[in-house]
Amino acid sequence: MPAATLHVVATPIGNLGDLSPRGQQVLREVAAICAEDTRRSGQLLSHFGISTPLVALHEHNEQQMAERLVGRLLGGESLALVSDAGTPLVSDPGYRLVRAARAAGVKVSPVPGPSALIAALSVAGLPSDRFAFEGFLPAKASARRERLAALAGEPRTLVFYESSHRIEESLADLRQAFGEERPAVLARELTKLFETVLDGTLAELHRRVQDDADQRKGEFVLVVQGVGEDADAKLAEGRRVHAILARQLPPSAAARLAAEITGAPRKALYGGGPED
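When we follow full-length UniProt numbering, the leftmost residue of the sequence shown carries the number 1, and every step to the right adds one.
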């Protein structure tokens, strides 16, 4: 293996059989593995009989650790970077180390593999030729709704990560921002024992999650079809404009003005949240 290489290694998102033979070889042969959670990564290494030392690298220490790790790379040691699960840097720490290594002239090499984002897209059956990854939505309701209002007119398929604590609330906000009938797919616990992939409208998915406690457990990837043309586009733009106007105006006045500006039906903009 060439010296002074930072290997960015994808690890399983559930099924341990998804760690590639090349990934296992790299993790065995590097001088150390930079891991977001050393305890969790240690369990993965133990499963494969890999005893390479682990170095903690997470969002709270990455800035400070990057210089030290680049020093090791410049000294001729190869290192690996892994996240808790999946492909590093996809909604995970690591970009500061990668950027510092590249700036120092160190080779950075990907070892591809599992990614919840790509896994969900591959089974969603929604347009995937153009998509936008939005990661986790804001935890606070007001910020989440503001973000969704800004995305309501996005024509590309949208992909979100969500936790079990907020999946029900996020689906409710998506219904309000994007409309009841927007097609979507909810992928839960991908590659794990209780994997489920549900499709339907946002309203249907929200009701499924409300009615089934099991569908509120685990890790989620939500794939939402982009806005269509004509009526859908007008409605999405109307919702976006209404959300902005409603910060300063009464809801009825905001709906009336948004309808005049965008051509969206006023009743669809004014009248509250999703019907259950």
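Every residue, glycine too, gets a C-beta built ideally from N, C-alpha and C. Since this is a predicted model, take the numbers as computed values, not measurements.
Residues near residue i in its chain [Cβ-Cβ closer than 6 Å; skip 5 each side]
| i | result |
| --- | --- |
| residue 18 | 12, 114 |
| residue 257 | 245 |
| residue 120 | 187, 221, 223 |
| residue 24 | 48 |
Spatial neighbours of residue i in its chain, beta-carbon cut-off 8 Å, leaving aside the 5 residues before and after
| i | result |
| --- | --- |
| residue 263 | 234, 238 |
| residue 181 | 201, 202, 203 |
Outcome for residue i when other beta-carbon atoms lying within 10 angstroms are tallied against a minimum of 16
| i | result |
| --- | --- |
| residue 125 | exposed |
| residue 276 | Legend: pLDDT at residue 276 = 35, less than 50; position of this residue unreliable, no value from coordinates given. |
| residue 35 | buried |
| residue 75 | exposed |
| residue 102 | exposed |
| residue 261 | exposed |
Whole-angstrom distance between residue j and residue i, CA atom to CA atom
| i | j | result |
| --- | --- | --- |
| residue 127 | residue 133 | 14 Å |
| residue 91 | residue 59 | 11 Å |
| residue 160 | residue 105 | 34 Å |
| residue 179 | residue 228 | 12 Å |
| residue 94 | residue 86 | 13 Å |
| residue 154 | residue 73 | 42 Å |
| residue 28 | residue 68 | 21 Å |
| residue 140 | residue 243 | 16 Å |
| residue 26 | residue 116 | 22 Å |
Under 8 Å between C-beta atoms of residue i and residue j
| i | j | result |
| --- | --- | --- |
| residue 216 | residue 168 | yes |
| residue 100 | residue 70 | yes |
| residue 165 | residue 81 | no |
| residue 151 | residue 173 | no |
| residue 144 | residue 170 | yes |
| residue 158 | residue 200 | no |
| residue 277 | residue 97 | Shown here, the chain extends from 1 to 276; a query on residue 277 therefore has no answer. |
| residue 255 | residue 266 | yes |
| residue 209 | residue 123 | no |
| residue 190 | residue 42 | no |
| residue 259 | residue 269 | yes |
Contacting residues, own chain, Cβ-Cβ under 7 Å from residue i (five flanking each side not counted)
| i | result |
| --- | --- |
| residue 205 | 171, 184, 186, 198 |
| residue 240 | 149, 150, 152, 153 |
| residue 277 | Any property of residue 277 remains undetermined from this structure, which presents the chain solely from 1 to 276. |
| residue 40 | 84 |
Quick check for students: name the residue ranges of the beta strand (DSSP E) that lie wholly in the region 50-123, counting only runs of 3 or more. DSSP runs (the beta strand (DSSP E)) wholly in the region 50-123: 54-56, 79-82, 107-111.
Can you list the alpha helix (DSSP H) stretches of 4 or more residues lying completely in the region 156-236, in chain order? Counting whole runs of 4 or more residues, the region 156-236 contains the alpha helix (DSSP H) stretches 167-178, 202-211.
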